Amino acid sequence: MLERIREGSQGPVAKTILGLVIFSFALAGVGSYINAGGEPNAAEVNGSAIKQSQLERAYENERSRMESQYGEMFSRLSSDPAYMANFKQGVLERLVSEELVNELAQRLSVRINDEQIKKAIFEMPEFQVDGKFSNDRYLQLLTRANYTPAQFRDMMRQDMTRRQLVSALTDSEFVLEREAKQFQALQAQTRTIDYVEVPVDLFKDSVKVEQAEIENYYQQNMVNFETPEQLKLSYVELTLDEVASQVDVSEQEISEYYEANQATYKAPERRRASHILIESGDDKDAAKAKAEALLAQVEQGAEFAELAKEHSADTFSGENGGDLDFFGKGVMDPAFEEAAFSLANIGDVSDVVESSFGFHIIKLTGVEEAKIKPLAEVKNDIIEQLQHNQARDIFVEKQQQLADTAFEVPSTLNDAAEVTGLEVKTTSLFDVSNPPAPLNTAKVTDAAMSDDVLNQGYNSSVIELSNDHLVVVRVEAHEPARTKKLAEVKQQVTNAVKLDLAKQAAQDWVDSVNAKWQQGESIESLLAEKSLTIKSEADMPRFGSSVPAPIARKSFEMAKPSGEEASTTWIEVSPAQFALIKVNAVDTPKVASPDDATKQRLLQAMTNYHYQSVIKALREAAEVKVFTKTDESA
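Per the working numbering, the very first residue in the sequence shown carries number 16; after that it's consecutive.
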């Protein structure tokens, strides 16, 4: 298989496809420079911009991945604006880290050439049809993902460069036998503990909130009572795909298109062959002599498949008797292809053929004659093509109607929707910095915040989200950013102050109780006053116990008990709970020889630790600016 890919990358058809892709790269590249002006930055890393569009694309891709992986669970989380804001911030942090690695790769002159990118694209299963690279599918999937070929090429280059650099930084990691034994022993360690869970609510009745404390808390935490600027928009959305889906195509049109485009649906001749490859190496004459000797054995009746399995340098195909499956012209190395397509009959064997990879003996094992794909096989593609061909004119007409009516009747979108046969959609109130899809682009935000739309109450002009996706928006409601008055949030502030005071009281209490516990004194009476009890867990494993995770984790951080003083501590489990912990016994098993899984886990942990250390060092040495509404720097 790998041999076929290597040989295929040299063929004229493959080069023609690559030429077309490169041509589209050039066109897309020009367009991207023309349209790049004025786009806001999400961040800057040592002066290099991470565009808002990059962040939005990465955010949407990661969101789609999470929705696909976690389904309903992620949908519930994504309904929380605070969670999604943190989620988006995490995506931005990843982009910053990637840019830092890109710069390091550039300084170290790590390079990925066009051939490597082309090979990687050709091998991606997403772009293959029946096991072969399909340029049509490639361009189709890029369009769906909102990538131009140039953007995808650049993304692939950066991603492959980063992976090559990361491999160089981390592949040298190794684990000593002693380290693995110690690691496995610690992982298998168990502990016997006592613990007491202390809810903060137990102390709320003992605290009193003064008005001065409320006012002081409000003044010190005013930023927490700010409401962001919010918008509620109505909009009319026009897409080419939606227009196309409403176009009816007759059977006659399908037949006429099929007949007029027969060449498009012609499946060229394909051949199946097996081969034996002898690599040239340093002694070309010796390699050729070996190939000729093997050919002589084939001509004398030796089993071709057995010779391929024993002698072929292409071990992947050699395991299958040298079989390369079916291939068309332009896929294999030119010399290999010429020899394979010159064989007349199934079973014929070529002379020794020299290619850029060495010397081949080729046996023809199958032939698929050139044929026209039947209409039934390509009918859906034809329908889609005809729908889009006819939809283009309708789309342009509706675009003009939408623009004209939205301008002529600027106080409502109902007329524009009626003329175009579309519907008026309405959002709920949203944070201006986090609009919902499909309005989550700077173009829409800028239009909505313009004087004509925001203050004068007019419809926006037509906004092009892409060549085939348009919207017109109008502002239904606008709430400026402001700080809520104390009277509006007094109960919230009172609860927060009361919680702080209760937490402090709880903390003081557990601290005093822990001091007694550590000295070996009984704490039963103190616990009884709060209706609390000691819970015990014997031989608790590091992972998977029924003990709350923060308590279990802290237990394994504590020292072994020794002498007269017990090993005790207290922790804040959550804002609503503390816990007292006492370690009674620690059991660490002896490990004679660490298993491979443990070695691999430790190696991965060390690799990740050192990679994160590199990122941390790069971040500390870099000038990173993350832009918000207040242009804060991080």
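For each residue, glycine too, the CB sits at the ideal point set by N, CA and C. Note that this is a predicted model, so its numbers are computed, not measured.
query = What are the uninterrupted segments assigned as beta strand (DSSP E) that are 3 or more residues long and contained completely in the segment 61-93, given in chain order?
reply = 63-66
ask   = To the nearest angstrom, how far is it from the Cα of THR477 to the Cα of SER448?
value = The question names Thr, yet the displayed sequence has Val at residue 477. So the two alpha carbons sit approximately 21 Å from each other.
Local Cβ density within 10 Å of SER650, reported as buried at 16 or more and exposed below that = Beyond the ends of the chain as shown, which are 16 and 649, falls residue 650; an answer cannot be given.
inquiry  = Quick check on DSSP: helix, strand or coil for ALA282?
reply    = strand
inquiry  = Under DSSP, the alpha helix (DSSP H) around ILE229 begins and ends at which residues?
reply    = 226-235
key: Same chain only: Cβ atoms within 7 Å of PRO450, ignoring 5 sequence neighbours per side   = VAL459, THR460
key: Where MET555 falls, given that 16 or more other Cβ within 10 Å makes a residue buried   = buried
query = With a CB to CB cut of under 8 Å and the five nearest residues on each side skipped, what residues in its chain are close to VAL215?
reply = LEU514, ALA517, LYS518, ALA521, PRO590, ALA591, GLN592, PHE593
query = For LEU292, which beta-bridge partners are listed by DSSP?
reply = HIS375
task = Counting only runs of 4+ residues fully inside the segment 544-577, write out the alpha helix (DSSP H) ranges in chain order.
result = 564-570
ask   = Taking just the CA atoms, how far does THR441 sit from GLU562?
value = In the sequence as presented, Glu is not what sits at residue 562; that position holds Val. Each residue's Cα considered, the two are about 48 Å apart.
ask   = When DSSP builds the beta bridges, which residues end up paired with LYS597?
value = ASP209, THR583
message = Taking the beta carbon of THR176 as the centre, do at least 16 other beta carbons fall within 10 Å, making it buried, or is it exposed?
response = buried
task = Following the continuous beta strand (DSSP E) through GLY343, name the residue where it begins and the one where it ends.
result = 338-343
Local conformation of ALA391 per DSSP, three classes = helix
request  = May I ask you to list the residues that DSSP assigns as paired with ASP602?
outcome  = THR205
ask   = DSSP three-state call for PHE319: helix, strand or coil?
value = helix
ask   = When you compare each of GLY316, LEU339, LEU309 to GLU325 by their alpha carbons, which one comes out closest?
value = LEU309
request  = Would you grab the beta carbon distance between ALA355 and ILE377 for me? Rounded to a whole angstrom, and I think it's under 8 Å.
outcome  = 5 Å
TYR250 - DSSP class collapsed to helix/strand/coil = strand
query = Can you tell me the Cα-Cα spacing of ASP408 and GLN415, whole angstroms?
reply = 11 Å
request  = Specify the secondary structure class of GLN471 as computed by DSSP and reduced to three states.
outcome  = coil
request  = Take the Cβ of ASN231 as the centre, count every other Cβ of all protein chains shown within 10 Å, and call the residue buried at 16 or more, exposed below.
outcome  = exposed
task = Work out the CA separation of ALA432 and ALA637 for me, nearest whole Å.
result = 50 Å
Classification of ILE65 by the beta-carbon crowding that lies within 10 angstroms, buried from 16 upward = buried
request  = Using 10 angstroms around the beta-carbon of VAL238, count the other beta-carbons present and answer buried if the total reaches 16, otherwise exposed.
outcome  = exposed
query = For the alpha helix (DSSP H) that contains ALA492, what are its first and last residues?
reply = Taken as a continuous stretch (DSSP letters only), ALA492 belongs to no alpha helix (DSSP H), being part of the beta strand (DSSP E) at 484-494.
inquiry  = What does the alpha-carbon distance come out to for the pair TYR74 and HIS625?
reply    = 27 Å
ask   = Whose C-alpha, out of GLU494, TYR233, ASP169, LYS147, is nearest the C-alpha of GLN69?
value = ASP169
message = My output table needs one value for ASP348: the three-state DSSP class, helix, strand or coil.
response = coil
query = Assuming VAL251 and LEU428 make a contact with CB atoms under 8 Å, what is their CB distance in whole Å?
reply = 5 Å
Touching by the beta-carbon criterion (3+ pairs, under 8 Å), the segment 200-213 and the segment 542-553 = yes
ask   = Cβ atoms of ALA195 and PRO604: under 8 Å apart, would you say?
value = no
query = Can you list, in chain order, the stretches of the alpha helix (DSSP H) that have 4 or more residues and sit fully within the segment 426-459?
reply = 429-435
message = On the CB-based measure, 16 or more other CB atoms within 10 Å of its CB, does ASP348 come out buried or exposed?
response = buried
task = In angstroms with no decimal places, state the Cα-to-Cα distance between LEU157 and MET171.
result = 12 Å
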